[in-house]
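In what follows, a structure is listed as structure tokens, so that the remarks can point back to it.
Numbering (this note's numbering), first residue to last: 1083 to 1525.
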């Protein structure tokens, strides 16, 4: 059976030299003895460890819907509003390059910190996530509901969401926080020597397994092993979907793609003339390609009305623009030309500054308050996101699509032969899973 595939994986991690009030003792005793004099027994691990996820056998489809009636729309709106801000910041730092972000992965990651934050720190994280009441008891349940709502939404789409925390020996989690991570987000929580190569290898192994071997080398990016790292937090989001109406690979031909610098590259382009969901907006045109039989998930290709300033367009694109175009989508015959591409993206070390500029600076400062997580917790250090995105088609059987009785004499043409923006979303909740700017599909 012929398939056309979108594959994407997003990962966010936290690490760094996170100093606590116990660090002087930790430096004197060394990592093997760190925390041995802790007398606070208020945060022991649950007695039945078998009930907790473990990093060596974690399943990214374990998150279950909360028992209470919770609206996932709160989380969906948060992810998408924050995701646009996040994307704008990344594009500002790389205006003419490929940028592939995962707003959903980033938001899930930040929620694990919001749940452990208090005071000004909690308010700052909530503000960045566009959440009105940082102490609303239903916030984390809304994110839990959203994740569970999407995981099993379509048998033709594979979506897995995995969370994990690796804590140094001195880190003692508050019971309420630990329970929230395990019960709400099915997070694996491990106590490890973060100064050991064995732990660094374990983190790399978890990342590779949760992203189907699409992302690696994370420990090196975080400069692990490092005995002065207090904790590593990770979210991995993996998405794989089959087009509802695949392209015929026999119709794929090489064509020109015009880069922002004026140069052109030759790339394979999938072609078709059929009925597609298409919208004309004031500043762009948009084509939607759904996945699976239910069409619950989709990828939107957004082509600016004019060429030459993709960064300006990307930074001016707002959630309302995208949603308005989505609401105006109409089935019509369109002559389509879309490049195949396989891209990897790494934010590098820009995220602490970017998140600070969005309003989270206090979380990266010594005044940060994460005492609802642990009395040993300090402040956020290094944050990275690595993503992988592939668009292609394979197989032999073509799908037959007719135009019906719609006029075809002068169909619109949608040719992605220059820089464009792409969105992978859950069309039921308008949750943005992945958001990218493609300026060179040949890289």
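Quick reminder that beta carbons are idealized off the backbone N, C-alpha and C, glycines included.
Does the Cβ of residue 1187 have 16 or more other Cβ atoms within 10 Å, making it buried, or fewer, making it exposed? So residue 1187 counts as buried.
Which residues in the same chain as residue 1382 place their Cβ atom closer than 6 Å to its Cβ, once the five residues preceding and following it in sequence are excluded? Closer than 6 Å at the Cβ level, and outside the excluded window around residue 1382, lie 1368, 1370, 1505.
Looking at residue 1431 and residue 1464, is the spacing between their C-beta atoms short of 8 Å? Yes, the pair counts as a contact, with Cβ atoms nearer than the cut-off.
I need the DSSP call for residue 1303, collapsed to helix, strand or coil. DSSP places residue 1303 in helix when its eight states are reduced to three.
Do residue 1239 and residue 1164 have their beta-carbon atoms positioned less than 8 Å apart in this structure? Their beta carbons are not under 8 Å apart, which means residue 1164 does not touch residue 1239 by this criterion.
Does DSSP put residue 1223 in a helix, in a strand, or in coil? Three-state DSSP puts residue 1223 in a helix.
Give me, in chain order, the residues of the same chain whose beta-carbon lies closer than 6 Å to that of residue 1317; leave out the 5 immediate sequence neighbours on both sides. Counting only Cβ-Cβ distances below 6 Å, and skipping sequence neighbours, we find 1094, 1187, 1190, 1191, 1245.
At least 3 beta-carbon pairs within less than 8 Å: the segment 1504-1521 vs the segment 1452-1468: As far as the Cβ criterion goes, the segment 1504-1521 does not touch the segment 1452-1468, which means the pair count is below three.
Which runs of the alpha helix (DSSP H) spanning at least 4 residues fall entirely within the segment 1163-1231, listed in chain order? DSSP runs (the alpha helix (DSSP H)) wholly in the segment 1163-1231: 1185-1196, 1201-1210.
Mind checking residue 1375: buried by the 16 CB within 10 Å criterion, or exposed? Label assigned to residue 1375: exposed.
Which word fits residue 1348, buried or exposed, when buried means at least 16 other C-beta atoms lie within 10 angstroms of its C-beta? With fewer than 16 other Cβ atoms from the protein chains shown falling within 10 Å of its own Cβ, residue 1348 counts as exposed.
I'd like to confirm something about residue 1254: is its beta-carbon nearer than 7 Å to some heavy atom of the ligand SAM, or not? You won't find the ligand SAM in this model; it holds no ligand whatsoever.
Through-space distance from residue 1510 to residue 1406, alpha-carbon basis: Cα to Cα, residue 1406 sits roughly 15 Å from residue 1510.
May I have a chain-ordered list of the beta strand (DSSP E) segments no shorter than 3 residues that lie completely inside the segment 1264-1338? Fully contained in the segment 1264-1338 are the following beta strand (DSSP E) runs of length 3 or more, in chain order: 1270-1273, 1313-1324.
Have a look at residue 1305 and residue 1333 and give me their C-alpha separation to the nearest angstrom. Their backbone Cα atoms lie some 46 Å apart in a straight line.
With a threshold of 16 other CB atoms inside 10 Å of the CB of residue 1237, please say whether the residue is buried or exposed. By the 10 Å Cβ count, residue 1237 comes out exposed.
Sequence ranges, beta strand (DSSP E) only - wholly within the segment 1340-1398, length at least 3: Counting only unbroken stretches of 3 or more residues, the beta strand (DSSP E) elements lying wholly within the segment 1340-1398 are 1346-1362, 1366-1372, 1379-1386, in sequence order.
Integer Cβ distance of residue 1462 from residue 1168, believed to fall under 8 Å: Contact flag wrong, Cβ pair sits at about 15 Å.
Hey, quick one: how far does the beta strand (DSSP E) through residue 1508 stretch, first residue to last? Residue range 1502-1508 is occupied by the beta strand (DSSP E) that includes residue 1508.
Throw me the rounded Cβ distance for the residue 1162 and residue 1401 pair, which I believe falls under 8 Å. Your pair residue 1162 and residue 1401 checks out as a contact, with CB atoms roughly 5 Å apart and the cut at 8 Å.
Close beta carbons around residue 1522, own chain, < 7 Å, minus the five adjacent residues each side: Once the five neighbours on either side are set aside, the close Cβ partners of residue 1522 are 1180, 1341, 1347.
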